[in-house]
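*Asks:*
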Amino acid sequence: MTEYDKVTYTACQGWGCHEHCVLTTYVKDGVIERTERTIVKGKNAERGGLCQKGAIMGKYPYLKERLLHPLKRVGKRGEGKFEEISWDQALDEIGSKLCELRDKYGPRSIITNTFPCGLPICFGGLSLQLALRFVHTSDCTRLHLPGVDQTATFPFGIEFGDTGYSALIDPDIMLKADHILIWGGNPIGFTRAAHTTRTLVQAQEQGSKLVAIGTVFDTTAAKADQFVPVKPGSDAALAMAMAKIIIDEDRCDYDALTRYTVAPLLVREDNGQFLRAADVMDGYDGTVFMYFDAESQSALPIERGSFEIPWGTADLRADVEVAGIHCKTAFVKLIERLEPYTPEYQETITGVPAETCVQMIHEYLDANVASIFENLGFRYSTATHSIRAINLLPMLSGNFTKEGGRFINCPLSDGFGVSLNEPEVMWPDGFENVKGECAQFVEILDALEDPEHATQQYKAFINPFANPLHCWPNPQTFGEKFLDRLELVVVFELRETDTTAWADYVLPECTPFEREEIIAPSANCVVLQEPAIEPLGESKPPAFIWGEIAKRYGLGAYFDKTTEEWHRMRLAGQDLDKATDSTDLAQSGIPNSGTAGMSDDTAGVISYDRLKEEKIILITDNEDNDVYAQSPMQFGTPTGRVEFYCEALYDVDFAITKWEPLLVWSDEPEKYPLRLFPGRHRVFMQSQFHEFPELRQIGGESPSVTLNPITARERGISEGDIVEVFNHRGSVRTRAEISEAYPPGMAHLWYAYPKKDHMTNPPTVLSAALSSRETETPFSKRWGKVWLDQNVAQGVPQVLIFQNGSLDTVETLWEDMCDVRKVEEA
Ligand SMILES: Nc1nc2c(c(=O)[nH]1)N[C@H]1C(S)=C(S)[C@@H](COP(=O)(O)OP(=O)(O)OC[C@H]3O[C@@H](n4cnc5c(=O)[nH]c(N)nc54)[C@H](O)[C@@H]3O)O[C@H]1N2
Ligand SMILES: Nc1nc2c(c(=O)[nH]1)N[C@H]1C(S)=C(S)[C@@H](COP(=O)(O)OP(=O)(O)OC[C@H]3O[C@@H](n4cnc5c(=O)[nH]c(N)nc54)[C@H](O)[C@@H]3O)O[C@H]1N2
Ligand SMILES: [Mo]
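This note's numbering applies: residue -15 is where the sequence shown begins, and numbers increase by one.
Laid out in structure tokens, this is it:
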């Protein structure tokens, strides 16, 4: 048996899949030999697995693309020409430039990116906490979350009063369902390759039926019992037709609807707002609503958060006048809204045969517990409408009150997370005193376009993680219209990327193998990540980089700690009874009441010294995070009920959801008839991991475009031909592949390969820029305010409201159109 010098625990670099794998790292002679999944005993141990990314990760620090020295730009921005300089020179020059810009244009002229998705430990890591500490003490601008990943999550804020609501659900819950709709995503063997895949497969082996609803025949479709292909962006029509059948066939769970949802509440016909008791009687405030009592044939008050309606007597179908005001119940409003959505009508939009729509909803209703595993594949401007439509199914059928019947929105971990003493790191002067302000990318672009009329000048960009040049659609915009107009661009990175090519200074960071971290949002445990090897080259941990920049910026006193000292702070007073959910805190700043209890055998306080000794500390399930354990269920909405009717969206005709055609380019179908799908890659992780030759052997050496045989034949294209994919934004030269996995009318490309791997351009040049004026809709401008207003009313500082729900724009990653022509025979 091999003797190892050292065995440590490390967060997987592919954390962006949100499976949150912890790796056991084996070191021999100062070099990483291999990694394997750490099986934490206790819950779910048998499902702990690993994918190819975790298995190969031990080679990450040694990649030839690895950055080992601070770099200063010598060529033009984007050219990627640099000279190596010393840390002192880099930090001094960055520090004095930041001071100069602050003195001339104010601290808000400096923008910090805090999008942590591709960072190990993500929202729970020290890297993000320090970036936020910098924002909150320097008073700089925080680049608002781009329109990624949250358009589908946001409806949970409107409808349930908590955007993180369903994410807290343990994936285990899926095992309780005998019917699972996997809607809009590709989790099995692809995007959630470890415990989520295993949980879904286990559910199937136990007899659950898995139904996949997607646009392409992906790995999830291949494994599912039934695959239902839909046209892109059409999901709302299908879901609304299914919802209509539940009502038409009288299969609603009326008790659940009356007790927990807005169904019985009266809505005013004159202004679309809920009827308040105060509208018709004296002595009430705005939190008392009205329902119609069938027995007494009168409208009666019901307080917010009260579930004590005598539901036998609430008339769900009331259409009445109350003190001269014409009112209908929200349920009646829903029935009216669903009127056009017959199975036949939805077929014209979705392409799903009417009888399949009927069969799907019947099977869903016949199951004891039916679950909807919603993913993030709704990357189109009307995604919010779709998710709200899909959410009608568990609401109407009552599945949402059953254990396992709730929609499961992309489980983010394997078990419950624990949060640490992050507030002290993130806002050292207290929650109320945080400085800084979130700015949307659109606002920044406008200001740079027309600086004379702008109220804020933007001059510097600090990018401490993320790879926006590669990952955010339309690099032309991010590079030329944003970065190139700034005076200073600083990027912290592990390796050369499309974004480092645009930086003035590139600061080399340690990989997770070379630094200490506390891994907490994971499988019911807290793990100490200890350095497995010495930092290679001159790479440094984030504590050093932020500390040195802050010192030169006059904020040294806030950043005078080593990594270990930060970690002692994060674990100080970690009486877990007081712990809150770190994801929520970091995202929105809204303190969450979740608690985490220590198991009996590990009772006590988690201190740094204890963690150093034990390395992994198990915690018990977090009861308060278990939404099913709450009785009655609580909803943080204005009515305290599940709101399929949202009065704040009445003025944009979205109080109740509906289907709408897609936004981008739907007016030019003849010119560019193919839907562009620049999708994520199975063996890579966003822009990461393409450096590994082993993974390229599994997943493809070079980029390509894949077309359905029909689409290819129409254009005289054969396998291997060199083709051009183009639209009004630009063109991409690449190799053609032919596959029936993609429907006719689609051009599928992988966006994981870096710019240098493409013959001309990466596929993202064909997409609308993320969070730009192009991706603004009347609806998005309204719903952004709904979430923002609700949070500001609760006293949350604006800089902490980092949710797509407070953005004016929508996600349109896969919404553009294009065409393909042959340029060279294979
Ligand atoms: N066309 C198209 N575009 C998309 C998508 C799509 O499906 N199609 N998907 C979208 C989605 S869902 C997402 S989440 C975004 C992802 O967008 P990004 O988060 O920008 O993508 P990543 O490639 O994960 O970038 C993370 C970067 O952080 C660096 N990094 C990792 N660890 C560390 C560290 O410890 N320190 C430092 N300093 N750097 C580190 C990595 O090297 C990498 O360059 O992309 C979006 N873009
Ligand atoms: N290997 C690997 N795993 C990853 C990543 C990676 O880059 N590589 N990225 C990670 C990240 S950051 C994220 S956010 C997750 C995302 O993971 P998922 O939530 O699974 O979502 P996507 O990969 O975005 O979804 C892809 C599927 O969406 C379906 N789809 C596309 N458009 C539509 C539509 O209009 N309607 C319906 N019903 N379905 C549609 C298609 O069938 C497609 O196969 O993956 C994570 N996991
Ligand atoms: Mo993502």
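All C-beta atoms in this analysis are idealised placements derived from N, C-alpha and C, irrespective of residue type, glycine included.
Can you tell me which residues form a DSSP beta bridge with Glu721?
*Replies:* Partner(s): Thr690.
*Asks:* Can you tell me the Cα-Cα spacing of Pro452 and Ser381, whole angstroms?
*Replies:* When rounded, the distance between both Cα atoms is 42 Å.
*Asks:* Any idea which residues DSSP pairs Ser355 with across the strands?
*Replies:* For Ser355, which the question treats as bridged, DSSP gives the partners Ile164.
*Asks:* Could you tell me if Arg176 is buried or exposed, where buried requires 16 or more neighbouring beta carbons within 10 angstroms of its beta carbon?
*Replies:* Label assigned to Arg176: buried.
*Asks:* Mind pulling the alpha helix (DSSP H) runs of 4 or more residues that sit fully within the segment 14 to 100?
*Replies:* Runs of the alpha helix (DSSP H) inside the segment 14 to 100: 36 to 40 and 71 to 89.
*Asks:* I'd like to confirm something about Cys101: is its beta-carbon nearer than 6 Å to some heavy atom of ligand 3, or not?
*Replies:* Checking every heavy atom of ligand 3 against the Cβ of Cys101, one is found closer than 6 Å.
*Asks:* Would you call the segment 328 to 346 in contact with the segment 255 to 275, where contact means no fewer than 3 C-beta pairs closer than 8 Å?
*Replies:* Contact fails: fewer than three Cβ-Cβ distances are below 8 Å.
*Asks:* What does the alpha-carbon distance come out to for the pair Phe710 and Ser751?
*Replies:* Cα to Cα, Phe710 sits roughly 10 Å from Ser751.
*Asks:* Leaving out five residues on either side along the sequence, give the residues of the same chain with a beta carbon under 7 Å from the beta carbon of Leu75.
*Replies:* Excluding sequence neighbours, Leu75 sits near Glu532, Ile533 and Arg536.
*Asks:* Would you call the segment 127 to 134 and the segment 470 to 487 touching, i.e. three or more CB-CB distances under 8 Å?
*Replies:* No: the two stretches stay apart, fewer than three of their Cβ pairs being nearer than 8 Å.
*Asks:* Compute the distance between the beta-carbons of Glu17 and Glu675, then report whether it is under 7 Å.
*Replies:* No, the Cβ-Cβ distance between Glu17 and Glu675 is not below 7 Å.
*Asks:* Give me, in chain order, the residues of the same chain whose beta-carbon lies closer than 8 Å to that of Leu633; leave out the 5 immediate sequence neighbours on both sides.
*Replies:* The residues are Ile142, Ala639, Phe763, Arg766, Trp767 and Val770.
*Asks:* Any heavy atom of ligand 2 within a distance shorter than 6 Å of the CB on Arg182?
*Replies:* Because no heavy atom of ligand 2 lies under 6 Å away, the Cβ of Arg182 does not count as near it: no.
*Asks:* Compare the C-alpha of Glu498 against each of Ser80, Met41, Gln36 and Ser192 and name the closest.
*Replies:* Comparing Cα-Cα distances from Glu498 to each of Ser80, Met41, Gln36 and Ser192, the minimum goes to Met41.
*Asks:* Can Leu159 and Ala187 be called in contact, C-beta distance under 7 Å?
*Replies:* Closer than 7 Å, so yes.
*Asks:* For His120 versus Gly420, is the C-beta spacing smaller than 7 Å?
*Replies:* Their beta carbons are under 7 Å apart, which means His120 touches Gly420 by this criterion.
*Asks:* Nearest-angstrom Cα distance between Arg717 and Leu112?
*Replies:* If you take the alpha carbons of Arg717 and Leu112, they lie about 37 Å apart.
*Asks:* Within 10 Å of its beta-carbon, does Asn811 have 16 or more other beta-carbons around it, so buried, or fewer, so exposed?
*Replies:* Nothing can be reported for residue 811, as the shown portion of the chain is limited to -15 through 810.
*Asks:* Let me check you understand the geometry: is the CB of Phe476 closer than 6 Å to at least one non-hydrogen atom of ligand 1?
*Replies:* Checking the Cβ of Phe476 against ligand 1 gives yes.
*Asks:* Pull the bridge partners of Thr125 from the DSSP assignment, please.
*Replies:* In DSSP, Thr125 forms a bridge with Ile95 and Glu421.
*Asks:* Looking at the unbroken beta strand (DSSP E) that takes in Val475, where does it start and where does it end?
*Replies:* Note, Val475: beta strand (DSSP E), Leu472 to Glu477.
*Asks:* Suppose the cutoff is 6 Å on Cβ atoms and the five residues either side in sequence are ignored; what does the same chain contact list for Ala373 look like?
*Replies:* Answer for Ala373: Ala220, Ala223, Met224 and Thr641, listed in chain order.
*Asks:* Would you tell me roughly how many angstroms separate the C-alpha atoms of Tyr325 and His310, rounded to the nearest one?
*Replies:* Going from the Cα of Tyr325 to the Cα of His310 covers about 26 Å.
*Asks:* In this structure, how does DSSP classify Asp565 when only helix, strand and coil are distinguished?
*Replies:* Bear in mind that a pLDDT of 37 at Asp565, under 50, signals an unreliable position, so the number given afterwards is only what the model happens to contain. Correct three-state label for Asp565: coil.
*Asks:* Does the distance between the C-beta of Thr748 and the nearest non-hydrogen atom of ligand 1 fall short of 6 Å?
*Replies:* Yes, Cβ of Thr748 sits closer than 6 Å to a heavy atom of ligand 1.
*Asks:* Restricting to runs no shorter than 3 residues, where is the beta strand (DSSP E) found entirely within the segment 488 to 567?
*Replies:* Within the segment 488 to 567, the complete beta strand (DSSP E) runs of at least 3 residues are 489 to 492, 501 to 503 and 509 to 513.
*Asks:* So, helix, strand or coil for Tyr726, using DSSP?
*Replies:* Tyr726 falls in the coil class under three-state DSSP.
*Asks:* Tell me whether the beta-carbon of Ala227 lies closer than 7 Å to the beta-carbon of Leu376.
*Replies:* Against a cut-off of 7 Å, the Cβ pair of Leu376 and Ala227 comes out as a contact.
*Asks:* Mind checking which residues open and close the alpha helix (DSSP H) that includes Phe786?
*Replies:* Looking at the DSSP string, Phe786 is not in any alpha helix (DSSP H), and its letter there is neither H nor E.
*Asks:* Between Gln690 and Ser723, which are expected to be in contact by the criterion C-beta below 8 Å, what is the C-beta distance as a whole number of angstroms?
*Replies:* It is Thr, not Gln, that sits at residue 690 in the sequence shown. About 5 Å separates the two Cβ atoms, so the contact holds.
*Asks:* Just the C-alpha distance for Glu500 and Glu548, rounded to the nearest angstrom, thanks.
*Replies:* Looking at the two C-alpha atoms, the distance is approximately 8 Å.
*Asks:* Unbroken beta strand (DSSP E) runs of length 3 or more, entirely within the segment 432 to 462: which are they?
*Replies:* Qualifying beta strand (DSSP E) stretches, in chain order: 444 to 447.
*Asks:* Determine the direct distance from the alpha carbon of Ser365 to that of Gln210, and round the result to whole angstroms.
*Replies:* In a straight line, the C-alpha of Gln210 is about 27 Å away from that of Ser365.
*Asks:* In terms of DSSP beta bridges, what is Thr(-8) paired with?
*Replies:* Its beta-bridge partners are Thr9.
*Asks:* Which of helix, strand or coil does DSSP assign to Glu808?
*Replies:* Strand at Glu808.
*Asks:* Once you ignore the five residues that flank Glu471 on each side, which residues in its own chain have a CB closer than 6 Å to its CB?
*Replies:* Excluding positions up to five away in sequence, the list reads Lys443.
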